[in-house]
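Novice: I'd like to ask some things about the structure below.
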Amino acid sequence: MTATMLATLLAIAINAPAQGPARNDRDRDRCPRDVDTAFVALDRSLRSLGDDVDRVGNERDRKKLRDDLNAAIRASERARNEACDAANRRPDGPPVVVVPAPMPEPRVLSTAGFNELLGAVKKESFDDGRLRVVQAAMVGDICVTTDQVKALMTVPAFTAGKVDVARLALPRIVDVERVYLLSQAFVFESDKAELAKIQGTAGSHPACRLPRR
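Numbering (the working numbering), first residue to last: 169 to 381.
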């Protein structure tokens, strides 16, 4: 083999996407079989060139080719390590976005249902009985509007009864921005002040919170 031919082979080896041999079982475990096989073959070919280098007559050319061959083997080693490492790296998957389940729409008491409730409250002769009817209706996931609560509050004869109706119904009000209208059920400021003490519970029932838009 001439020095020119050997130099050409070394140039190809140096620039090839190659790497050194699988040196031990651990390297083979981390390197895919096809990558490992390709680099083992390349390394074997590179090292076999050493025999041809020794037959080059000119000492200076022989030393130059030997240096080039050693550089090619080292380049192959580095390329193999990079190829095996790259094969073992797994790209990060897309970020996991947790989308909360949409909140169900509140189950607001229908007009017909409210009219039945209001009629039942009015049939009671005393505030205690009226309060029991309202309490029996405010169960489960039933929700109400401010206007419905305001209408219920007009039925009890005494302030305490009106406040008690509000206390039962306030957590189930869906349109909390209109709660201030409940104060219209009272005439005296002292009675309105009693209502104000419990208005903070408006819309607090989990089933009666409007979903965000």
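Ideal Cβ placement from N, Cα and C applies to all residues, glycine included.
Over the uninterrupted alpha helix (DSSP H) stretch that includes Val331, give me the two end residues.
Specialist: Counting from 1 along the sequence shown, the entry for residue 331 is found at position 163. That run of the alpha helix (DSSP H) goes 327-337.
Novice: DSSP state of Arg275, grouped into three classes?
Specialist: By one-based count along the sequence shown, residue 275 stands at place 107. Three-state DSSP puts Arg275 in a strand.
Novice: Using a Cβ-Cβ cutoff of less than 7 Å, which residues in the same chain neighbour Ala319 once the five nearest sequence positions on both sides are dropped?
Specialist: Numbered from 1 along the sequence shown, position 151 holds the residue referred to as residue 319. Leu286.
Novice: As a quick exercise: from Phe356, Ala375, Tyr348, pick the residue whose alpha carbon is nearest that of Gly368.
Specialist: On the sequence shown, position 200 is the one that residue 368 refers to. For the residues Phe356, Ala375, Tyr348, the minimum Cα distance to Gly368 belongs to Tyr348.
Novice: Is Cys311 helix, strand or coil by DSSP?
Specialist: In the sequence shown, counting from the first residue as 1, residue 311 sits at position 143. Residue state, collapsed to three classes: strand.
Novice: Alpha carbon to alpha carbon, how far is Cys376 from Asp315?
Specialist: Translated into positions along the sequence shown, residue 376 becomes position 208. Translated into positions along the sequence shown, residue 315 becomes position 147. The straight-line gap from Cα to Cα measures roughly 15 Å.
Novice: What's the C-alpha gap between Arg246 and Asn238?
Specialist: Counting from 1 along the sequence shown, the entry for residue 246 is found at position 78. Counting from 1 along the sequence shown, the entry for residue 238 is found at position 70. C-alpha separation (whole angstroms): 13 Å.
Novice: Between which residues of its own chain and Asp359 is the CB-CB distance below 8 Å, once the five residues before and five after are set aside?
Specialist: Looking up residue 359 in the sequence shown gives position 191. So the qualifying residues of the chain are Thr327, Lys330, Val331.
Novice: With the cut-off set at 7 Å, would you say Val342 and Cys311 are in Cβ contact?
Specialist: Against the sequence shown, residue 342 aligns to sequence position 174. Against the sequence shown, residue 311 aligns to sequence position 143. Contact: yes.
Novice: By a C-beta neighbour count over all protein chains shown, 10 Å radius and 16 as the cutoff for buried, is Val302 buried or exposed?
Specialist: The sequence position of residue 302 within the sequence shown is 134, counting from 1. It counts as buried.
Novice: Buried or exposed for Val323, going by 16 or more other Cβ atoms inside 10 Å?
Specialist: What you label residue 323 is simply residue 155 of the sequence shown in a count that begins at 1. With 16 or more Cβ atoms within 10 Å of its Cβ, Val323 is classed as buried.
Novice: Figure out for me which residue from Gly308, Asp309, Val355 has the closest Cα to the Cα of Pro325.
Specialist: As a working mapping, residue 325 is identified with position 157 in the sequence shown. Just to set this straight, residue 325 is Ala in the shown sequence, not Pro. Comparing Cα positions, the closest option is Val355.
Novice: Is the beta carbon of Ala321 sitting closer than 7 Å to the one on Val333?
Specialist: As a working note, residue 321 is residue 153 in the sequence shown. As a working note, residue 333 is residue 165 in the sequence shown. Per the sequence shown, the amino acid found at residue 321 is Met instead of Ala. In contact: Met321 and Val333 (Cβ atoms closer than 7 Å).
Novice: Based on the DSSP secondary-structure assignment, which residues constitute the bridge partners of Ile366?
Specialist: Along the sequence shown, read from residue 1 onward, the residue named residue 366 stands at position 198. DSSP output for Ile366 lists no bridge partner at all.
Novice: Where do the N-terminal and C-terminal ends of the alpha helix (DSSP H) with Gly297 fall, by residue?
Specialist: Reading the sequence shown from its first residue, position 129 is the one you call residue 297. Where Gly297 is concerned, the enclosing alpha helix (DSSP H) stretches over 295-305.
Novice: Using the rule of at least 16 other Cβ atoms within 10 Å of the residue's Cβ for burial, across every protein chain shown, is Gly371 buried or exposed?
Specialist: Reading the sequence shown from its first residue, position 203 is the one you call residue 371. Buried is the call here.
Novice: Quick one: is Leu378 buried, meaning 16 or more other Cβ sit within 10 Å of its Cβ, or exposed?
Specialist: Along the sequence shown, read from residue 1 onward, the residue named residue 378 stands at position 210. Leu378 is exposed by the Cβ-count criterion.
Novice: Whose C-alpha, out of Lys232, Arg242, Asp229, is nearest the C-alpha of Leu210?
Specialist: Sequence index remark: in the sequence shown, residue 210 carries index 42 (1-based). When only C-alpha atoms are compared, the closest one is Arg242.
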